[in-house]
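First comes the structure, then the notes that go with it.
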Amino acid sequence: SVPLGYFAGIGKASRTGVLIKGSNYLEVLAGIDMVLFDKTGTLTEGKFGISEISGHNGMAQAEAILIAASVESNSNHPIARSIVDYAFSIGFKKEDFLAVRNYREIPGEGVYAIVEGNEVALGNERILRGLSLSSSPKGRSKIYLTVGGKLSGTIDISDKLKEDSKKAIESLRGQGLASIAMLTGDSPDVAAAISSELGLDWYQGGLSPEGKLEILEKSSSAGCKIAFVGDGINDAPVIVRSDVGIAMGRAGSDAAIETADIVISDDSPLQVSRAIAIARRTRSIVF
Ligand code: ADP
Ligand code: MG
Numbered sequence: 001s002v003p004l005g006y007f008a009g010i011g012k013a014s015r016t017g018v019l020i021k022g023s024n025y026l027e028v029l030a031g032i033d034m035v036l037f038d039k040t041g042t043l044t045e046g047k048f049g050i051s052e053i054s055g056h057n058g059m060a061q062a063e064a065i066l067i068a069a070s071v072e073s074n075s076n077h078p079i080a081r082s083i084v085d086y087a088f089s090i091g092f093k094k095e096d097f098l099a100v101r102n103y104r105e106i107p108g109e110g111v112y113a114i115v116e117g118n119e120v121a122l123g124n125e126r127i128l129r130g131l132s133l134s135s136s137p138k139g140r141s142k143i144y145l146t147v148g149g150k151l152s153g154t155i156d157i158s159d160k161l162k163e164d165s166k167k168a169i170e171s172l173r174g175q176g177l178a179s180i181a182m183l184t185g186d187s188p189d190v191a192a193a194i195s196s197e198l199g200l201d202w203y204q205g206g207l208s209p210e211g212k213l214e215i216l217e218k219s220s221s222a223g224c225k226i227a228f229v230g231d232g233i234n235d236a237p238v239i240v241r242s243d244v245g246i247a248m249g250r251a252g253s254d255a256a257i258e259t260a261d262i263v264i265s266d267d268s269p270l271q272v273s274r275a276i277a278i279a280r281r282t283r284s285i286v287f
């Protein structure tokens, strides 16, 4: 049977916006020593501003945007939504979008499709793999567009930290956790900048969903008890496999919200340390 104190703890957490799906998670959370965060949509807003779009190899800027938005309208990744919104903001309408065939999305990399008979790819530098584009501009927060195997456009995007991400890390720091870190599919450059701004212990960038899982499992077999916090977009497997999987409730994917052990209803990363505090207090009352 479950000690009554746990129900009090769960009730208390739910009133502050943290939904804990079972008393066992509260108990595990009290003994967590490592917190791993996803980046996009978890520590950052997941709403990308577009600072520059350029066409390359003879492609006009507007055409690059139209092709990019047509393909991205099939994706629910935050970058995809931002590119589609940008296309609308400069006057394109849904009915202007080009027909897209053979659409495929590779998590942590980008999207592929055939548009007007041409192979189109859109995503990070991984999509350039295999193309001889070594002299092409490479940089932080860049999305590359290739059409027919040629670099045809680059889109500079930027996200911003959530208002209380910094406080969230400071607050976890005050709880004496052994390690607070970030795993992201975004470029190592972007990961480094965010990590130093937030004062994380370590980070890893350029990760596929499988890469995130590998790091989780390595830390786990080294004996760490891990809470992973994500939005379920390209990190759902890690949410499932961590000791405590925490999902964002608003921006989070439906699958993540369903499989997570804990759901943060207002998407604030600060709730992680609140939940740990409640879990520790509950444990000290119960035992
Ligand atoms: P994070 O781990 O920070 O949450 P993701 O794993 O969701 O990031 O994505 C990692 C990277 O993969 C993005 O920064 C982007 O470069 C690329 N990417 C993923 N999905 C898309 C998409 N639909 N369109 C363009 N790029 C994408
Ligand atoms: Mg994410």
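Count the sequence shown with our numbering and you get residues 1 to 287, in order. All residues carry an ideal CB built from backbone N, CA and C; glycine is no exception. Bear in mind the structure is a predicted one, so any value in this text is a computation, not a measurement.
- Using CA coordinates, which residue listed in 112, 39, 89 is at the minimum distance from residue 197? If you number the sequence shown from 1, residue 197 lands on position 197. Scanning 112, 39, 89 for the CA closest to the CA of residue 197 turns up 39.
- Query: Under the criterion of a Cβ to heavy atom distance below 7 Å, does residue 267 qualify as lining the ligand ADP?
  - Reply: For the purposes of this step, residue 267 is taken as residue 267 along the sequence shown, with counting starting at 1. Distances from the CB of residue 267 to the heavy atoms of the ligand ADP are all 7 Å or more.
- Task: Output the boundary residues of the beta strand (DSSP E) element that contains residue 156.
- Result: By 1-based counting over the sequence shown, the position of residue 156 is 156. 150-158 is the extent of the beta strand (DSSP E) around residue 156.
- Message: On a Cα-Cα basis, can you pick out the residue from 49, 64, 48 that is closest to residue 55?
- Response: Position 55 of the sequence shown, counting from 1, holds the residue named residue 55. For the options 49, 64, 48, the alpha carbon positioned closest to that of residue 55 is the one of 64.
- Sheet register partners of residue 101 (DSSP bridge): Counting from 1 along the sequence shown, the entry for residue 101 is found at position 101. Beta-bridge pairing links residue 101 to 114.
- Query: Quick one: Cα of residue 186 to Cα of residue 240, how far?
  - Reply: As a first step, residue 186 must be located in the sequence shown, where it is residue number 186. As a first step, residue 240 must be located in the sequence shown, where it is residue number 240. So the alpha carbons of these two residues sit roughly 21 Å apart.
- Query: Exposed or buried, which one is residue 195 when buried takes at least 16 other CB atoms within 10 Å?
  - Reply: Position 195 of the sequence shown holds residue 195. Buried, because 16 or more other Cβ atoms sit within 10 Å of the Cβ of residue 195.
- Should residue 2 be labelled buried (16 or more other beta-carbon atoms within 10 Å of its own) or exposed? The residue you call residue 2 lines up with position 2 of the sequence shown. Under this definition residue 2 is an exposed residue.
- Cβ-heavy atom distance, residue 259 to the ligand MG, below 7 Å: Position 259 of the sequence shown, counting from 1, holds the residue named residue 259. False, no ligand heavy atom lies under 7 Å from that Cβ.
- Item | Own chain residues within Cβ distance below 7 Å of residue 119, not counting five before or after | In the sequence shown, the residue the question calls residue 119 occupies position 119. Cβ-Cβ distances below 7 Å link residue 119 to 148, 149 in the same chain, with the five nearest sequence neighbours on each side left out; the list follows chain order.
- Contact belief for residue 190 with residue 141 at Cβ below 8 Å, rounded distance in angstroms: Here the question's residue 190 lines up with position 190 in the sequence shown. Here the question's residue 141 lines up with position 141 in the sequence shown. Contact check for residue 190 and residue 141: beta-carbon distance about 6 Å, within the 8 Å limit, so the pair qualifies.
- Could you tell me which of 89, 170, 222, 62 sits nearest to residue 152, measuring between CA atoms? Here residue 152 corresponds to residue number 152 of the sequence shown, with the count starting at 1. Just measuring C-alpha positions, the residue of 89, 170, 222, 62 sitting nearest residue 152 is 62.
- Taking the C-alpha atoms as reference points, what is the distance between residue 135 and residue 75? Translated into the one-based positions of the sequence shown, residue 135 becomes position 135. Translated into the one-based positions of the sequence shown, residue 75 becomes position 75. Residue confidence for residue 135 is low, a pLDDT of 44 falling below 50, so the modelled location carries little weight and cannot support an answer.
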